[in-house]
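Protein chains in written order, with my numbering: chain A, -10 to 218; chain B, 3 to 242. All residues carry an ideal CB built from backbone N, CA and C; glycine is no exception. Keep in mind the model is a prediction, meaning the values are calculated, not measured.
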């Protein structure tokens, strides 16, 4: 396909349009595939992005509501792609199509925020296994974390900061590993935080300490970028 | 990205009916379990994919109710209850007048007063030629109050020295329901309801005057209730 100047002019507006409507696009894909859109299998997202861009270019107001139209185009392309994919047909054509979509995704900068995203999958899987094992020693489960973790981002930020300090503190690490829990009084005195704060967030804090202490790189990066906003 | 209700999240654990993911805000979320989900995947999560746990769930009251906390509803209900009880008590205490004043001249005036000495009710008792009390046409309250009847009884013994016929005083109570329209009608005020709501001090003078148009009657009076003596003094003062 051509990559001429007229295309690139329109690209700017379409990038913005895509960014604004990412939720809509992803929802459409999810609706067709009945799965979560993931970075690991983002070909469907590429196809959808391309379809969306196409719809934006081709749209004229007499075609009714834009979103209804765009949805139709995306769904049509996706269905075509999926059926072809399952038949293992014309792979190169599909590859090309998904690469077109990749262009948009890159421009948007949304998916490729973290360049390591795609290769992260296996690494993350290992790290999560390790974390799960370690957490069990401390009586912490992911389920518990989903219920007890601080809901407010500022609180989480403070927890992550504290966990960072603790993980570099050999003395604290030794106590934690020995007692298999976070020593509230000692931590409160040593780092000048309230016992109340520690009691409420001890699971989350400990989890981050364990992530850091066990050098779980991908998870560490994830946590850090989560709170540096 | 979050502005559009979208988050990135890493799948941490998969349970029977849901999954747990760590999102790009550092929050551990419970999310819907969809086909093909695996631990370690980095996925896009829409708001509708997030499962409400006990804390996040919106109850009917949280969605449509006025208050944010259960305790406020309880407090509101209690306040309403107290107000209703208070009003109810006030009403019932004022319904029975704090005091009653009966003054007699050309005709009998029965006044019910509240604790502020304001007239809450007026009843006129007219006498017929024989000095019997006529049925009360101007009764504001349909029900006769037994206490008042009892009050009348002892009064009648000291009443109406100027009246010619002093018979049948004992039968006054029982004859209240009799109809007896006699030619000589004692004078009565046009509109005794104008006294209602007024303080006794304001109108006692008018009442006494009205009751004794010719100025020649001996006014008799009697009061009941807490302020009995006070009221009787007032009437006495007015007469002189």
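Rounded straight-line distance, which links the Cα of residue j to that of residue i
{"i": "residue 142(A)", "j": "residue 150(A)", "result": "12 Å"}
{"i": "residue 54(B)", "j": "residue 82(B)", "result": "34 Å"}
{"i": "residue 108(A)", "j": "residue 178(A)", "result": "42 Å"}
{"i": "residue 163(A)", "j": "residue 76(A)", "result": "57 Å"}
{"i": "residue 230(B)", "j": "residue 87(B)", "result": "29 Å"}
{"i": "residue 2(B)", "j": "residue 84(B)", "result": "In the structure as shown, chain B begins at 3 and stops at 242. Residue 2(B) is therefore absent and cannot be evaluated."}
{"i": "residue 74(A)", "j": "residue 33(A)", "result": "10 Å"}
{"i": "residue 2(B)", "j": "residue 69(B)", "result": "With chain B covering 3 to 242 only, the question about residue 2(B) has no answer from this structure."}
{"i": "residue 117(A)", "j": "residue 76(B)", "result": "46 Å"}
{"i": "residue 16(A)", "j": "residue 115(A)", "result": "29 Å"}
{"i": "residue 223(B)", "j": "residue 78(B)", "result": "49 Å"}
{"i": "residue 214(B)", "j": "residue 127(B)", "result": "14 Å"}
{"i": "residue 216(A)", "j": "residue 54(A)", "result": "39 Å"}
{"i": "residue 219(A)", "j": "residue 19(A)", "result": "In the structure displayed, chain A extends from -10 to 218; residue 219(A) sits before or after that span and is not available."}
{"i": "residue 181(A)", "j": "residue 187(A)", "result": "11 Å"}
{"i": "residue 242(B)", "j": "residue 201(B)", "result": "20 Å"}
{"i": "residue 108(B)", "j": "residue 219(B)", "result": "7 Å"}
{"i": "residue 59(A)", "j": "residue 22(A)", "result": "17 Å"}
{"i": "residue 124(A)", "j": "residue 148(A)", "result": "17 Å"}
{"i": "residue 50(B)", "j": "residue 93(B)", "result": "55 Å"}
{"i": "residue 200(A)", "j": "residue 134(A)", "result": "14 Å"}
{"i": "residue 239(B)", "j": "residue 233(B)", "result": "10 Å"}
DSSP bridge partner residues for residue i (one or two, in chain order)
{"i": "residue 15(B)", "result": "22(B)"}
{"i": "residue 102(B)", "result": "114(B), 226(B)"}
{"i": "residue 2(A)", "result": "According to DSSP, which records beta bridges pairwise, residue 2(A) is partnered with nothing at all."}
{"i": "residue 9(B)", "result": "47(B)"}
{"i": "residue 66(A)", "result": "Answer is none; residue 66(A) lacks a bridge partner."}
{"i": "residue 24(A)", "result": "37(B)"}
{"i": "residue 31(B)", "result": "23(B)"}
{"i": "residue 120(B)", "result": "201(B)"}
{"i": "residue 239(B)", "result": "Answer is none; residue 239(B) lacks a bridge partner."}
{"i": "residue 52(B)", "result": "33(B)"}
Among the options, the one whose alpha carbon lies nearest that of residue i
{"i": "residue 45(A)", "options": "180(A), 7(A), 30(A)", "result": "7(A)"}
{"i": "residue 40(B)", "options": "17(B), 205(B), 29(B), 219(B)", "result": "17(B)"}
{"i": "residue 14(A)", "options": "188(A), 62(A), 205(A)", "result": "62(A)"}
{"i": "residue 185(A)", "options": "51(A), 144(A), 52(A)", "result": "144(A)"}
What are the residues of the region 62 to 75 of chain A that lie near chain B, defined by any Cβ-Cβ distance shorter than 9 Å?
-> none
For the region 37 to 51 of chain B, which residues have a beta carbon sitting closer than 9 Å to at least one beta carbon of chain D?
-> The structure shown contains no chain D; its protein chains are A and B.
Taking only runs that begin and end inside the region 127 to 198 of chain A, name each unbroken alpha helix (DSSP H) of 4 or more residues, in chain order.
-> 131 to 137, 142 to 156, 159 to 168, 173 to 180
When you check each C-beta in the region 21 to 48 of chain A against every C-beta of chain B, which residues fall closer than 9 Å?
-> 22, 23, 24, 25, 26, 27, 28, 29, 30, 34
Proximal residues, the region 141 to 173 of chain A versus chain B, C-beta separation under 9 Å = 142, 145, 146, 148, 149
The region 80 to 113 of chain B: which residues have C-beta closer than 9 Å to a C-beta of chain A, in chain order?
-> none
In chain order, what residues of the region 14 to 25 of chain B put their CB closer than 8 Å to some CB of chain A?
-> 14, 15, 17, 22, 24, 25
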